[in-house]
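Below is one structure, written out as structure tokens, with a few remarks after it.
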Amino acid sequence: NAGVTQTPKFQVLKTGQSMTLQCAQDMNHEYMSWYRQDPGMGLRLIHYSVGAGITDQGEVPNGYNVSRSTTEDFPLRLLSAAPSQTSVYFCASSPPTRSEQYFGPGTRLTVT
Amino acid sequence: AQKVTQAQTEISVVEKEDVTLDCVYETRDTTYYLFWYKQPPSGELVFLIRRNSFDEQNEISGRYSWNFQKSTSSFNFTITASQVVDSAVYFCALRSVQGAQKLVFGQGTRLTINP
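Take a look at the structure:
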């Protein structure tokens with residue numbers, strides 16, 4: 020099992036550009052989520068999904084889109100990057116037994 | 531609304547000292563999970579422990595121990611005989627079993643163990 024994988028590991032964008040952060044898991048987990056980590060603020064939930072075809076907003080959804088067409092994949096789209104979106108992004112998944120979430124290695128995004 | 535507070539932003543101790551990381555939470559749910567995660571300098575998030583709201587037994591795992599007190603809404607983490615490898619940012623988190631089951635994190639405590 021690869022667990023939760025994220026690509027790319029690092030990314031630099033210019034303001035206004037769009038891009039997709041990829042997240043995949045091979046554990047057949049129904050629940051997947053995206054967090055951003057900013058200094059002194061812990062991790063904040065952006066979007067989450069309780070299964071294929073079902074997504075919902077978290078605490079800080081503005082500027083981000085998600086979709087969940089398969090159980091395995093949960094991409095995060097930045098529509099028009101802004102410097103305020105400079106952060107480390109983590110994807111996580113968990114089984115339907117409502118236990119701990121397993122995190123990917125993170126993507127460090129810088130928007131200039 | 532759910533909230534997790536880690537009042538200690540940074541802690542620095544000398545190796546072999548014991549150190550306790552505090553975590554206080556707020557929730558209206560009767561059933562929930564509490565977690566501790568470790569984030570070493572390499573950046574990944576490592577799961578340490580899960581505690582169900584119905585289980586107030588303290589837990590010990592090697593040099594790590596956790597004290598869950600529902601009466602004070604606290605879930606503190608103690609490292610005994612700290613080691614340099616324990617240096618990391620530690621996050622406490624809360625997850626409801628109802629509704630969206632979102633994971634709410636505290637702000638984290640940066641622990642530095644000095645040799």
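Same order as they appear, the protein sequences are chains R and C.
Here the first sequence is numbered in this note's numbering, starting from 20 and rising by one per residue.
Here the second sequence is numbered in this note's numbering, starting from 531 and rising by one per residue.
The C-beta atom is built at its ideal place from N, Cα and C for all residues, glycine as well.
Can you say whether Phe565 (chain C) is buried or exposed, counting buried as having 16 or more other CB atoms within 10 angstroms of its CB?
-> That one is buried.
Do we get a CB-CB distance below 9 Å when we pair Glu556 (chain C) with the residues of chain R?
-> No, because no Cβ of chain R sits closer than 9 Å to the Cβ of Glu556 (chain C).
Give a yes or no on whether 9 Å exceeds the smallest Cβ distance from Val132 (chain R) to chain C.
-> The shown model of chain R, from 20 to 131, leaves out residue 132 (chain R), and the question about it has no answer.
Less than 8 Å between the CB atoms is what I'm expecting for Asp552 (chain C) and Asn606 (chain C), so what's the real figure, rounded?
-> So it is a contact: roughly 5 Å between Cβ atoms.
Are the C-beta atoms of Tyr83 (chain R) and some chain C residue less than 9 Å apart?
-> No - not a single Cβ of chain C is within 9 Å of the one on Tyr83 (chain R).
Shorter than 9 Å from the beta carbon of Leu633 (chain C) to some beta carbon of chain R?
-> Yes, Leu633 (chain C) counts as interfacial toward chain R.
Return the first residue and the last residue of the beta strand (DSSP E) that Asp75 (chain R) is part of.
-> In this chain, the beta strand (DSSP E) harbouring Asp75 (chain R) covers 73–76.
In chain order, what residues of the same chain lie with their CB nearer than 8 Å to the CB of Thr131 (chain R), ignoring the 5 residues before and after it?
-> Hits under 8 Å: Val31, Leu32, Lys33, Thr34, Pro102.
Are the C-beta of Gln637 (chain C) and some C-beta of chain R separated by less than 9 Å?
-> True, the Cβ-Cβ gap to chain R drops below 9 Å.
Under 8 Å by Cβ, that's how I've got Gln25 (chain R) and Pro124 (chain R) pegged, so tell me the actual separation to the nearest angstrom.
-> Rounded, the Cβ-Cβ distance is 6 Å, consistent with contact.
So Ser612 (chain C) and Ile643 (chain C) are in contact, right, with Cβ under 8 Å, and what is the actual spacing, rounded?
-> That belief holds up - the Cβ atoms of Ser612 (chain C) and Ile643 (chain C) are roughly 5 Å apart, short of 8 Å.
Could you list the residues in the segment 578–592 of chain C with a C-beta less than 7 Å from some C-beta on chain R, going in chain order?
-> Along the segment 578–592 of chain C, the positions whose C-beta sits under 7 Å from a C-beta of chain R are Arg580, read in chain order.
For my contact list, Glu574 (chain C) and Phe122 (chain R) are in at a C-beta cut-off of 8 Å; report their separation, rounded to the angstrom.
-> With a Cβ gap of about 7 Å, Glu574 (chain C) and Phe122 (chain R) count as contacting.
Collapsed DSSP secondary structure at Asp45 (chain R) in the structure displayed | DSSP, read as helix, strand or coil, puts Asp45 (chain R) in coil.
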